[in-house]
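Presented below is the structure to which this report refers.
2 protein chains.
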Amino acid sequence: MKTAIYHGNKTMTVEDVPGPVIEQPTDAIVDIEYAGVCGSDLWTYRGQGAQAPCRIGHEFVGIVREVGADVSSVKPGDWVMVPFRWSDGTCEYCRRGLETSCVHGGFWSREIPWAGQAEAARIPYADGTLVKAYDDGHRPDDAVIPSLLTLTDVFTTGYHAAVSAGVGDGDTVIVVGDGAVGLSAIMAAKLLGAARVINAGSTHEERHALARTFGADDIISTRGEDAVADIRSLTDGAMASRVLECVGSAQSFSTAIDMAAPGGTVGYVGLPHGVSIDAKRLFFSNIRIAGGMSPAHHYIADLVPSVLSGSINPGFVYNRTYTLDQIGQAYDDMDNRRVIKPLIRLV
Amino acid sequence: MKTAIYHGNKTMTVEDVPGPVIEQPTDAIVDIEYAGVCGSDLWTYRGQGAQAPCRIGHEFVGIVREVGADVSSVKPGDWVMVPFRWSDGTCEYCRRGLETSCVHGGFWSREIPWAGQAEAARIPYADGTLVKAYDDGHRPDDAVIPSLLTLTDVFTTGYHAAVSAGVGDGDTVIVVGDGAVGLSAIMAAKLLGAARVINAGSTHEERHALARTFGADDIISTRGEDAVADIRSLTDGAMASRVLECVGSAQSFSTAIDMAAPGGTVGYVGLPHGVSIDAKRLFFSNIRIAGGMSPAHHYIADLVPSVLSGSINPGFVYNRTYTLDQIGQAYDDMDNRRVIKPLIRLV
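Chains as they are written, first to last, in full-length UniProt numbering: chain L, 1 to 347; chain H, 1 to 347.
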């Protein structure tokens with residue numbers, strides 16, 4: 001089978017490797033139909049993530065080819081979503097909906113070589129990991145597949161920011177960041193009842209349009225202190241009780257804290273890079289920090305109906321489609337912000 | 001009237017100054033009966049708080065002597081508790097129970113000279129600030145007055161840690177710190193339904209006894225990595241979903257984070273001194289940070305019945321009583337940990 005391999009120095013290749021086989025009775029083999037390129041893949045591409053050489057990619061969907069003897073929830077032929085971490089589905093953390101902390105869980109291309117930007121993968125703990133779009137396992141319409149693909153990571157990550165910040169009916173919500181996670185957070189905030197969503201730090205015209213499509217009521221292009229001043233002006237000094245930090249840089253995190261009203265919560269999901277929070281900045285105003293790595297698996301089942309009904313279309317974040325052989329171009333385009341998020345099509 | 005004055009270099013004096021008068025129609029004058037010495041007074045005493053020379057003290061109770069024309073909730077002769085910040089009682093933040101962020105609020109001995117370790121004080125926004133023990137304003141029994149005094153700061157601060165961490169029925173709770181706030185947090189956690197409270201970082205035998213009285217089920221004397229290892233052992237590796245940080249130092253905060261189970265919350269109320277939180281340490285386990293400066297006023301009314309009925313006795317944190325003239329001795333004893341928390345008696 002073919003797989004993408006990252007070699008460091010922003011160099012991607014596509015190579016032939018032996019395909020996956022069932023190793024444990026709880027495994028499944030999935031033939032991958034579509035994969036996304038994630039912001040955290042980009043950190044790796046830029047030399048700040050996994051050690052090269054490595055396979056790469058962790059948001060993917062496809063068809064079950066084969067299952068181990070102990071797998072009962074999926075069967076060959078089922079169309080499935082694969083969250084960005086696998087999980088056993090039975091441990092204490094899985095049971096309480098924090099599958100990212102599963103005691104047997106792991107990351108694609110870390111504990112095992114299999115990853116999403118490839119033709120197939122071995123799935124550990126298939127019953128705890130895979131999620132079907134339909135109970136009978138049938139394949140959804142092509143039109144909604146990109147949106148279902150977002151549930152494996154990017155949309156459920158934005159959604160986790162909104163849930164962690166406690167977004168509810170009538171709230172004013174600030175979303176910091178204009179990447180695919182930020183756009184997802186805008187849509188998630190609206191889905192959770194936000195009355196007004198302000199997107200901060202959006203500097204590209206093309207992204208403004210998408211932010212509006214996703215539900216942003218106001219967009220500000222400034223960053224740092226200027227952005228805080230703009231939010232103060234837009235909210236008549238009230239700032240917002242729900243701020244969603246969707247970048248992960250020191251500046252964006254700091255800006256998010258400054259935008260929070262006293263008693264408010266910063267819901268953050270951008271993988272923090274060099275983010276150090278001075279607790280004294282939180283103390284006097286009782287600002288909360290909540291979020292982290294999204295338990296995507298926990299949210300998927302709740303969100304599938306909204307996608308299948310067409311009431312949300314988070315798949316719009318994939319604004320260009322590539323073949324697996326074009327993977328190098330996909331990363332280069334994303335790295336240079338010529339594309340918001342690449343979709344890799346394998347069928 | 002007499003007031004304590006802090007001069008820097010751990011020097012306290014008691015001096016005669018002009019007494020308070022009504023300046024605004026919303027003011028009241030309170031003759032102070034009892035005052036506490038707070039951990040944050042100790043930061044000042046050690047040169048890391050307010051600028052000397054200054055009056056000092058912010059947890060106090062007493063009798064209303066006089067009220068301004070617009071004051072309607074208290075009258076001369078009423079026995080009242082005075083929270084560690086004043087608040088107008090009408091702004092958006094007061095209405096939502098975050099009186100510490102009141103738009104007209106302030107700290108004793110900062111925006112105005114009046115403070116708690118003195119014979120009297122002028123109280124701005126008396127209607128929004130003062131809380132009676134009884135609706136008719138009568139004086140409670142001497143036996144419960146120290147416990148009512150704790151509601152002005154120390155107990156409601158420990159309570160805020162527990163509320164912020166989401167302590168509820170059946171929880172295992174770790175309290176980091178053996179000061180008066182930590183002891184209060186132990187009692188607060190039990191009041192909120194905790195099944196098991198582990199007190200970490202308690203190094204004094206005398207404090208162990210008090211921690212047990214306040215509700216601690218287990219006590220560990222270690223700090224830092226050793227304490228984390230002890231908690232791992234005591235909880236069979238589960239750690240705790242509710243960790244209450246009641247110190248405010250970099251080490252105690254770091255230890256508290258390490259003691260939190262995935263998905264857990266560190267409720268913190270220790271005024272942070274040099275605490276910098278690496279967001280990446282929170283990210284992968286979805287650890288939340290919540291808390292800050294306690295809205296004491298918000299909690300007092302709810303807690304008064306438990307104190308008056310004797311079901312909680314947080315006043316035990318005051319384990320030595322001093323006259324105002326002995327204020328220097330009180331600070332010196334607290335600074336050298338010869339006393340947990342001094343009670344200043346003015347009647």
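Virtual Cβ for every residue (Gly too), placed ideally from N, Cα, C.
Exercise. At a cut of 8 angstroms, does the region 166–186 of chain H reach the region 251–267 of chain H through at least three beta carbon pairs?
Worked result: Because the criterion of three Cβ pairs below 8 angstroms is met, the region 166–186 of chain H and the region 251–267 of chain H touch.
Exercise. Is there a Cβ from chain H that is less than 8 angstroms from the Cβ of R288(L)?
Worked result: By one-based count along the first sequence, residue 288(L) stands at place 288. Yes, its Cβ sits closer than 8 angstroms to a Cβ of chain H.
Problem set entry | Where the beta strand (DSSP E) containing residue 348(L) begins and where it ends | Residue 348(L) falls outside the range modelled here, since chain L spans only 1 to 347, and no answer is possible.
For this session: Keeping to the same chain, check which residues put their C-beta closer than 7 angstroms to that of Q329(L); ignore five residues upstream and five downstream.
Result: Position 329 of the first sequence holds residue 329(L). The answer, listed in chain order, is Y322.
For this session: Using three-state DSSP, classify E92(L) as helix, strand or coil.
Result: Position 92 of the first sequence, counted from the start, is the residue given in the question as residue 92(L). Three-state result, E92(L): helix.
Exercise. Would R65(H) pass as a contact of V17(H) if the rule is Cβ separation under 8 angstroms?
Worked result: As a position in the second sequence, residue 65(H) is number 65, starting the count at 1. As a position in the second sequence, residue 17(H) is number 17, starting the count at 1. In this structure, the beta-carbon distance from R65(H) to V17(H) does not fall below 8 angstroms.
For this session: Could you tell me the boundaries of the beta strand (DSSP E) in which E119(L) lies?
Result: Here residue 119(L) refers to the residue found at position 119 of the first sequence. Where E119(L) is concerned, there is no enclosing beta strand (DSSP E), given that its DSSP letter is neither H nor E.
For this session: May I ask you to report which of helix, strand or coil DSSP gives S249(H)?
Result: Stepping through the second sequence from its first residue, residue 249(H) is reached at position 249. Three-state DSSP puts S249(H) in a strand.
Exercise. Looking at C-alpha atoms only, which residue of P295(H), V339(H), S311(H) and H208(H) is the closest neighbour of G106(H)?
Worked result: Your numbering for residue 106(H) matches position 106 in the second sequence. Proximity to G106(H) across P295(H), V339(H), S311(H) and H208(H) peaks at P295(H), based on C-alpha coordinates.
Problem set entry | Range of the contiguous alpha helix (DSSP H) that encloses R212(L) | Sequence index remark: in the first sequence, residue 212(L) carries index 212 (1-based). Taken as a continuous stretch (DSSP letters only), the alpha helix (DSSP H) holding R212(L) covers E205 to F214.
For this session: Mind listing the chain L neighbours of L191(H)? Cutoff is C-beta to C-beta under 9 angstroms, in chain order.
Result: Against the second sequence, residue 191(H) aligns to sequence position 191. Chain-order list of chain L residues neighbouring L191(H): empty, with the shortest C-beta distance near 21 angstroms, by a criterion of under 9 angstroms.
Exercise. Of all the beta strand (DSSP E) runs that stay within the bounds of the region 92–179 of chain H, which reach a length of 3 or more residues?
Worked result: Assignment of beta strand (DSSP E) within the region 92–179 of chain H, counting only whole runs of 3 or more residues, yields 120–123 and 172–176 in chain order.
Exercise. DSSP state of A260(H), grouped into three classes?
Worked result: For the purposes of this step, residue 260(H) is taken as residue 260 along the second sequence, with counting starting at 1. Note: A260(H) maps to strand in three-state DSSP.
For this session: Check the DSSP bridge columns for V14(H) and list the partner residues they point to.
Result: Residue numbering aside, residue 14(H) sits at position 14 when the second sequence is read from its first letter. Partner(s): A4(H).
For this session: Please go through the same chain and pick out, in chain order, the residues whose beta-carbon is closer than 8 angstroms to the beta-carbon of D153(L), but skip the five residues on each side of it.
Result: On the first sequence, residue 153(L) is found 153 positions in, with the first residue counted as 1. In chain order, G36, C38, H58, E59, P83, F84, S294 and A296 place their CB closer than 8 angstroms to the CB of D153(L), counting only its own chain and leaving out the 5 sequence neighbours on each side.
Exercise. DSSP three-state call for T44(L): helix, strand or coil?
Worked result: By one-based count along the first sequence, residue 44(L) stands at place 44. Correct three-state label for T44(L): helix.
Problem set entry | The alpha helix (DSSP H) enclosing R196(L), as first and last residue numbers | Taking the first sequence and counting its residues from 1, one reaches residue 196(L) at position 196. R196(L) -> not in any alpha helix (DSSP H); beta strand (DSSP E) instead, spanning R196 to A200.
Exercise. At what residues does the beta strand (DSSP E) containing D218(H) begin and finish?
Worked result: Reading the second sequence from its first residue, position 218 is the one you call residue 218(H). Its beta strand (DSSP E) spans residues D218 to I220.
For this session: Return no unless some Cβ of chain L is closer than 8 angstroms to the Cβ of D169(H).
Result: Position 169 of the second sequence, counted from the first residue, corresponds to residue 169(H). No, no contact with chain L.
Exercise. Looking at A162(L) and A180(L), is the spacing between their C-beta atoms short of 8 angstroms?
Worked result: For this step, residue 180(L) is matched to residue 180 along the first sequence. For this step, residue 162(L) is matched to residue 162 along the first sequence. It is not a contact, given that the beta carbons lie outside the stated cut-off.
Exercise. Helix, strand or coil: which one does DSSP assign to D278(L)?
Worked result: Here the question's residue 278(L) lines up with position 278 in the first sequence. For D278(L), the secondary structure class from DSSP, reduced to helix, strand or coil, is strand.
For this session: Find the nearest neighbour of G263(H) within the set F284(L), I289(L) and A240(L), judged by alpha-carbon distance.
Result: Taking the second sequence and counting its residues from 1, one reaches residue 263(H) at position 263. By alpha-carbon distance to G263(H), the top candidate from F284(L), I289(L) and A240(L) is I289(L).
For this session: With DSSP as the reference, please indicate the residues paired to L343(H) in a beta bridge.
Result: To locate residue 343(H), count along the second sequence from 1; it is residue 343. Paired residue(s): G36(H) and T321(H).
For this session: Compare the C-beta of S252(H) with all C-beta atoms of chain L and state if any pair is closer than 8 angstroms.
Result: As a working note, residue 252(H) is residue 252 in the second sequence. Interface annotation, S252(H): not in contact with chain L, CB-CB separation never under 8 angstroms.
Exercise. Alpha carbon to alpha carbon, how far is F283(H) from G47(L)?
Worked result: Indexing the second sequence from 1 puts residue 283(H) at position 283. Indexing the first sequence from 1 puts residue 47(L) at position 47. F283(H) and G47(L) have their C-alpha atoms spaced approximately 20 angstroms apart.
Problem set entry | Secondary structure of S306(H), DSSP reduced to three states | For this step, residue 306(H) is matched to residue 306 along the second sequence. Assignment of S306(H) by DSSP, reduced to helix, strand and coil, places it in the helix class.
Exercise. CA-CA distance, T129(L) and E99(L)?
Worked result: On the first sequence, residue 129(L) is found 129 positions in, with the first residue counted as 1. On the first sequence, residue 99(L) is found 99 positions in, with the first residue counted as 1. Each residue's alpha carbon lies about 9 angstroms from the other.
For this session: Taking R338(H) as part of the alpha helix (DSSP H), name the residues at either end of that continuous run.
Result: One-based indexing of the second sequence puts residue 338(H) at position 338. From DSSP, R338(H) is part of no alpha helix (DSSP H); its letter is neither H nor E.
Problem set entry | C-beta neighbour in chain H for R196(L), strict 8 angstroms | For this step, residue 196(L) is matched to residue 196 along the first sequence. Taking Cβ atoms only, chain H never reaches closer than 8 angstroms to R196(L), which makes this a no.
For this session: Give me the Cα-Cα distance between S147(H) and E92(H), rounded to the nearest whole angstrom.
Result: Translated into positions along the second sequence, residue 147(H) becomes position 147. Translated into positions along the second sequence, residue 92(H) becomes position 92. Taking the CA atoms as reference points, S147(H) sits about 30 angstroms from E92(H).
Exercise. Is K132(L) buried or exposed, if buried means 16 or more other CB atoms sit within 10 Å of its CB?
Worked result: Here residue 132(L) is taken as the residue at index 132 of the first sequence, counted from 1. With 16 or more other Cβ atoms within 10 Å, it is buried.
For this session: Could you tell me the distance, in whole angstroms, from the CA atom of P20(L) to the CA atom of P113(L)?
Result: By one-based count along the first sequence, residue 20(L) stands at place 20. By one-based count along the first sequence, residue 113(L) stands at place 113. As the crow flies, the alpha-carbon of P20(L) is around 10 angstroms from that of P113(L).
Exercise. At least one CB of chain H closer than 8 angstroms to the CB of A278(L): is that the case?
Worked result: The residue given as residue 278(L) occupies position 278 in the first sequence. Going by the sequence as given, residue 278(L) is Asp instead of Ala. The beta carbon of D278(L) falls within 8 angstroms of a beta carbon belonging to chain H, placing the residue at that interface.
Problem set entry | Contact set between R65(L) and chain H, taken where Cβ atoms lie within less than 8 angstroms | Within the first sequence, residue 65(L) is the residue found at index 65, counting from 1. Per Cβ cutoff of 8 angstroms: no residues; R65(L) is ~31 angstroms from chain H at best.
Exercise. Taking 8 angstroms as the CB-CB cut-off, is P272(L) touching chain H?
Worked result: In the first sequence, residue 272(L) corresponds to position 272, counting from 1. True, the Cβ-Cβ gap to chain H drops below 8 angstroms.
For this session: Count the other CB atoms, across all protein chains shown, that sit within 10 Å of the CB of E33(H); report buried if there are 16 or more and exposed otherwise.
Result: On the second sequence, residue 33(H) is found 33 positions in, with the first residue counted as 1. That one is buried.
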